[in-house]
Amino acid sequence: KSNPVELSTASHPNPAYMHQGWVTEDHRYFIMDDESDVIAGNVETTRTLVWELDDLEDPILVKEFFGSLPASAHNLYVKGDFTYQANYRYGLHILDISDPLNPVEVGMFDTSPFGTGPGFGGAWSTYPFFDSGTILVTSMQEGL
Numbered sequence: 013k014s015n016p017v018e019l020s021t022a023s024h025p026n027p028a029y030m031h032q033g034w035v036t037e038d039h040r041y042f043i044m045d046d047e048s049d050v051i052a053g054n055v056e057t058t059r060t061l062v063w064e065l066d067d068l069e070d071p072i073l074v075k076e077f078f079g080s081l082p083a084s085a086h087n088l089y090v091k092g093d094f095t096y097q098a099n100y101r102y103g104l105h106i107l108d109i110s111d112p113l114n115p116v117e118v119g120m121f122d123t124s125p126f127g128t129g130p131g132f133g134g135a136w137s138t139y140p141f142f143d144s145g146t147i148l149v150t151s152m153q154e155g156l
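So for the sequence shown, the numbering used here puts the first residue at 13; every next one is plus one.
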């Protein structure tokens, strides 16, 4: 706590505002998003980045997965073989990452009745960690 040590730094193509990510349960991969890359016009659709962490001193970007919609990404979490992504105006998006090098979108739930497009509003965060399998999605305007 009092004397943290930087292990490494890494970058990726066309960054805007790297926001948040989560490590897979086996700690081999770091899954992250860029909150503003669609807004900035750096990419056309939601981008999920997959980093290999076999060597913490040299993380390697192994996959850029592009979703089908121009959604701004906010928070994502990993549970088992899935990421649960709060993609603002486009709601909750779920990716199967059982093969982290080939993510597949397997589900979505739109939380915002106020339109679509990149930008802020709608799904803010998710919580997929209940034993029951219930997934919470918080929305900036609609609540829980």
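A virtual CB, placed ideally from N, CA and C, is assigned to each residue, including glycine.
Item to complete: Measure the C-alpha to C-alpha separation of Gly119 and Gly79 and round it to an integer number of angstroms.
Response: Each residue's Cα considered, the two are about 11 angstroms apart.
Worksheet item: Per DSSP, what kind of secondary structure is Gly53 in: helix, strand or coil?
Response: coil
Worksheet entry | Which of helix, strand or coil DSSP assigns to Leu113 | coil
Practice prompt. Decide if the stretch 132-145 is in contact with the stretch 99-107; the criterion is three or more beta carbon pairs, one per stretch, under 8 angstroms apart.
Written response: yes
Item to complete: Please report the Cβ distance between Thr123 and Ser151, rounded to the nearest whole angstrom; I am assuming they are in contact, meaning their Cβ atoms lie under 8 angstroms.
Response: 4 angstroms
Discussion item. Does Ile72 pass the burial test, meaning 16 or more other C-beta atoms within 10 Å, or should it be called exposed?
Written reply: exposed
Discussion item. Taking the straight line between their C-alpha atoms, what separation do you get for Tyr96 and Asn54?
Written reply: 23 angstroms
Discussion item. Can you tell me which residues form a DSSP beta bridge with Lys75?
Written reply: Val62
Practice prompt. Taking all protein chains shown into account, decide if Arg59 is buried (16 or more other Cβ within 10 angstroms of its Cβ) or exposed.
Written response: buried
Fill in: Candidates Val62, Lys91, Ile106, Ser110: closest to Ser144 by CA position
Lys91
Worksheet item: Alpha carbon to alpha carbon, what distance is there between Phe121 and Leu19?
Response: 37 angstroms
Worksheet item: Using the C-alpha atoms, what's the distance from Ser14 back to His86?
Response: 29 angstroms
Discussion item. What residue range does the beta strand (DSSP E) around Thr138 cover?
Written reply: 135-139
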